[in-house]
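Numbered by our numbering, the letters in the sequence shown go through residues 30 to 188 in order.
Read through the structure below, which is laid out as structure tokens, and then see the notes.
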Amino acid sequence: MSRAACSDPRALRQRLRVTAVSKGRISLEGARAAACSGCAARSGCGVGALAELAGGRLRLTMPRPEGVMPGDEVIVVLPAAAFLGAAGLAYLLPPAALVMALALCAALGLPDLWSALLCLPVLGVSLLPLRRAELRGAVTEALHIEDIVPAGTGAGKAR
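Below you can see the structure in the form of structure tokens.
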């Protein structure tokens, strides 16, 4: 199921090790990439804290390309458009919905307590598109294997 190399230079690439092969699927594991690992604000970074809680490991399953065996490594690619779409649903839509709800509450002259209470269901509803995308597999469908690195070699060969 390996596709041709992704021509998008903005695509996210991660090298993962094949840990298991079963029934046409492969299990992959690798170190979680963190763009801010060298950042000066690392100790106060929420993303860094979440990565540490997750154990710093990325695990996923994908359809098995032909010839992949446990111990091999694969280059997994996520196109930039799919990443930006998921990031928008997760990080832009909920705050925008809350701001709009608070603006409406302020325009109606509601007290702060009522505004806060009305924002709770708005937040829940604003997360539904992300949940729907997750259930549809929109992001995981966009993931594909660009290159296979057989165990014991350092260079990748597209198969």
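Cβ atoms here follow ideal geometry from the backbone N, Cα and C, with glycine treated the same way.
Note that the structure is predicted; figures quoted are calculated from it, not measured.
- In the assembly as shown, Leu107 is a buried residue. Its beta-carbon has 16 or more other beta-carbons within 10 Å.
- Ala145 has its alpha-carbon roughly 48 Å from the corresponding atom of Arg93.
- Segment contact: the stretch 41–50 against the stretch 94–105, three or more CB-CB distances shorter than 8 Å; contact assigned.
- In the DSSP assignment, Met91 falls within the unbroken beta strand (DSSP E) covering 86–92.
- The three-state reading of DSSP puts Gly114 in helix, counting H, G and I together.
- Beta-bridge analysis with DSSP links Ala49 to Ser56.
- Per DSSP, the unbroken beta strand (DSSP E) holding Leu107 starts and ends at 102–107.
- Just measuring C-alpha positions, the residue of Leu89, Pro38, Asp37 sitting nearest Ser56 is Leu89.
- Leu87 has its alpha-carbon roughly 37 Å from the corresponding atom of Leu131.
- In the assembly as shown, Ala111 is a buried residue. Its beta-carbon has 16 or more other beta-carbons within 10 Å.
- In this structure, Leu118 lies near Leu159, with their beta-carbon atoms less than 8 Å apart.
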